[in-house]
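K.L.:
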Amino acid sequence: MRTFDGHNDVLSRLHEAGAGNTSFLEGGDGHLDLPAAQAGQLAGGLFAVFPLSPFRGHDAPFEVDYDRRVGQEEAAADTLAMVRRLHDLESESDGALRIVRGSDELDACLEDGALAAVLHVEGAEAISPGLGELDELYELGLRSVGIAWSRPNAFGHGVPFSFPGSPDQGPGLTRAGHALVLECNQRGVVVDVSHLNERGFWDVARVSEAPLVASHSNAHALCASPRNLTDDQLRAVGASGGLVGINFCVAFAREDGADDPDTPLSAIAVHAAHVAEVAGVDAVALGSDFDGATMPHALSDASHLPALFEAMREIGFTEDELAGIALGNWRRVLAATWE
Ligand code: ZN
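Our numbering puts the first residue of the sequence shown at 336, with every later residue one more than the last.
#1: With a threshold of 16 other CB atoms inside 10 Å of the CB of Pro686, please say whether the residue is buried or exposed.
#2: Find out if the Cβ-Cβ distance for the pair Asp624, Asn664 is shorter than 9 Å.
#3: Which whole-angstrom value is the C-beta distance of Leu508 and Gly491, which I expect to be below 8 Å?
#4: Would you check if the distance between the CB atom of Ser575 and the CB atom of Ala607 is smaller than 9 Å?
#5: Going by DSSP, what residues sit across from Ala620 in a beta bridge?
#6: If you measure from the CB of Phe644, is any heavy atom of the ligand ZN nearer than 8 Å?
#7: Who are the near neighbours of Gly379 in its chain, counting only those whose CB is closer than 8 Å to its CB and skipping five residues on each side?
#8: Taking Gly353 as the reference, give the member of Ser501, Met417, Pro487, Arg404 with the closest Cα.
#9: If you check the beta carbons only, do Asp594 and Thr629 fall under 9 Å apart?
#10: Please report the straight-line C-alpha distance between Gly392 and Val384, rounded to a whole angstrom.
#11: So what does DSSP say about Arg562, is it helix, strand or coil?
#12: Short of 8 Å in beta carbon distance, which residues of its chain neighbour Val539, apart from the five on each side in sequence? Order them along the chain.
#13: Is Gly512 near His342, with beta carbons less than 9 Å apart?
#14: When you compare only the Cα positions, how much space is there between Ala411 and Arg510?
#15: Exposed or buried, what is Thr653 when buried is set at 16 or more other beta-carbons lying within 10 Å of its beta-carbon?
#16: Take the Cβ of Asp394 as the centre, count every other Cβ of all protein chains shown within 10 Å, and call the residue buried at 16 or more, exposed below.
#17: Under 8 Å: does the beta carbon of Asp624 sit that close to some heavy atom of the ligand ZN?
#18: By Cβ distance, which residues of its chain are closer than 8 Å to Arg420, with the 5 residues on each side in sequence left out?
#19: Identify, in the order they occur along the chain, each residue of the same chain with its Cβ nearer than 8 Å to the Cβ of Arg570, setting aside the five sequence neighbours on each side.
#20: Kindly examine the ligand ZN and report whether one of its heavy atoms sits closer than 8 Å to the Cβ of Glu457.
#21: Exposed or buried, Gln568, counting other C-beta atoms within 10 Å across all chains shown (16 or more means buried)?
#22: Is it true that the CB of Ala604 sits closer than 9 Å to the CB of Ala671?
#23: Return the chain-ordered list of same chain residues with a C-beta closer than 6 Å to the C-beta of Glu533, the five sequence neighbours on each side being excluded.
#24: So the candidates are Gly592, His455, Ser635, Ser638; which of them puts its Cα closest to the Cα of Ala549?
#25: Can you tell me whether DSSP reads Asp394 as helix, strand or coil?
#26: Between the alpha carbons of Val619 and Val579, how many angstroms are there, rounded?
#27: According to DSSP, simplified to helix, strand and coil, what is Leu600?
#28: Which word fits Ile650, buried or exposed, when buried means at least 16 other C-beta atoms lie within 10 angstroms of its C-beta?
#29: Got a sec? Which residues, its chain only, sit under 7 Å from Cys558 by beta carbon, not counting five neighbours each side?
#30: Please classify Asp680: is it buried, with 16 or more other beta-carbons within 10 angstroms of its beta-carbon, or exposed?
Listed below in structure tokens is the structure:
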């Protein structure tokens, strides 16, 4: 099943570890590298640039200083270093990975089997409130913007991770946040609401003309993490023609919110089923969080993606529905947004 994935953190993993690019190109010990992608029929995905992680490694990812803001200049330096890393991966991959800037380039990758990388920022801290940095980032290939990670910034407020919790924490988008959404609409850049709090979500829903995208989130009704979406939010995503990338992170899937890899793949599949029921099956897609979160043992790297589709088959998804979840729904939403 050829798959497009809405979220990976491989650029952050390589950047934070100071690792060489061969550990991606030839294979390493993370969740995502080129051989694992090819083995798992991963056709492409959003490659996140996550400016200045407040934690090193992933030992205690949920114990972050929620109020810590990151300055624009330091975030921009960090962001550009990871953007350059993606460009280096492209040029060193001998055609096996390509940065895609539009639907025609995505389709060309699907045609010839190159891994399609969509450049995404997870938290817009590198952009100042006047949006002056957007031009350069767009030129470098940026086609998706997550307004906030789980911390406040100049544009909005992300949700903290504390479990259980409501996504309705903190105020909505700032004036600069509204302007960022409109500017992304104008340029045909995806606006991603994953990590954004609920008031920010509704502001995006009101302001944005594009289909709503939650690149890596699950259903709050099944796992009461603030990172997940309420049924009202899911309905709004479905009504907009958008999608939710189902997140494989065990702490956003399990009913008890535990960060425990001893978690069956059915725990992820049921989130896909819930989103299909509430938002429609055309709103269900994938957003793994590879290299950014704790995966179930059975999904220890991207080569095991077929096992997840098997788990979704077992709870009743048809082959047509799975094709949409794997690839078709992301392709439709990206095409509609990029134009
Ligand atoms: Zn994330």
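Cβ coordinates follow ideal geometry from the N, Cα and C atoms, glycine included.
P.N.:
Once the coordinates are examined:
#1: Only positions 336 to 674 of the chain appear in this structure, which leaves residue 686 out of reach.
#2: Not closer than 9 Å, so no.
#3: The C-beta distance from Leu508 to Gly491 rounds to 5 Å, short enough to meet the 8 Å contact threshold.
#4: No. Outside cutoff.
#5: For Ala620, which the question treats as bridged, DSSP gives the partners Gly580.
#6: Flag unset: Cβ of Phe644 not near the ligand ZN.
#7: In chain order, Phe339, Asp340, Val435, Leu441, Cys444, Leu445, Leu450, Ala451, Ala452, Val453 place their CB closer than 8 Å to the CB of Gly379, counting only its own chain and leaving out the 5 sequence neighbours on each side.
#8: Of the candidates Ser501, Met417, Pro487, Arg404, the residue whose Cα lies closest to the Cα of Gly353 is Met417.
#9: Thr629 sits close to Asp594, with the two beta carbons spaced by under 9 Å.
#10: Note that Gly392 scores a pLDDT of 43, beneath 50, so its modelled location is shaky and nothing firm can be said.
#11: Residue state for Arg562 is assigned as coil, using DSSP reduced to three classes.
#12: For Val539, the CB contacts under 8 Å within the same chain, skipping 5 residues up- and downstream, are Ile482, Leu508, Val516, Val526, Val528, Leu531, Leu547 in chain order.
#13: Taking 9 Å as the Cβ cut-off, Gly512 and His342 do not qualify as a contacting pair.
#14: Those two C-alpha atoms are separated by around 21 Å.
#15: When all chains shown are included, Thr653 counts as exposed.
#16: Residue placement at Asp394 cannot be trusted, given a pLDDT of 44 that sits under 50; the coordinates are not used to answer.
#17: Judged by the Cβ position, Asp624 qualifies as a neighbour of the ligand ZN at the 8 Å threshold, a heavy atom of the ligand being closer than this.
#18: Once the five neighbours on either side are set aside, the close Cβ partners of Arg420 are Leu346, Leu349, His350, Asn356.
#19: Excluding positions up to five away in sequence, the list reads Val613, Ala614.
#20: Yes.
#21: Answer is buried; the Cβ neighbour count reaches 16.
#22: Result no, Cβ atoms of Ala671 and Ala604 do not sit closer than 9 Å.
#23: Closer than 6 Å at Cβ, skipping near neighbours: Pro502, Asp503.
#24: Minimum Cα distance to Ala549 is reached at His455.
#25: Unreliable positioning characterises Asp394 in this predicted model, as indicated by a pLDDT of 44, which lies under 50. The coordinate reading is nonetheless provided below. The DSSP-derived three-state label of Asp394 is coil.
#26: The straight-line gap from Cα to Cα measures roughly 5 Å.
#27: In the structure shown, Leu600 adopts coil according to DSSP, grouped into three states.
#28: By the Cβ neighbour-count rule, Ile650 is exposed, with fewer than 16 other Cβ atoms within 10 Å of its own.
#29: So the qualifying residues of the chain are Phe587, Ala588, Arg589, Glu590, Gly592.
#30: Because residue 680 is not part of the residues shown, which for the chain are 336 to 674, the question remains open.
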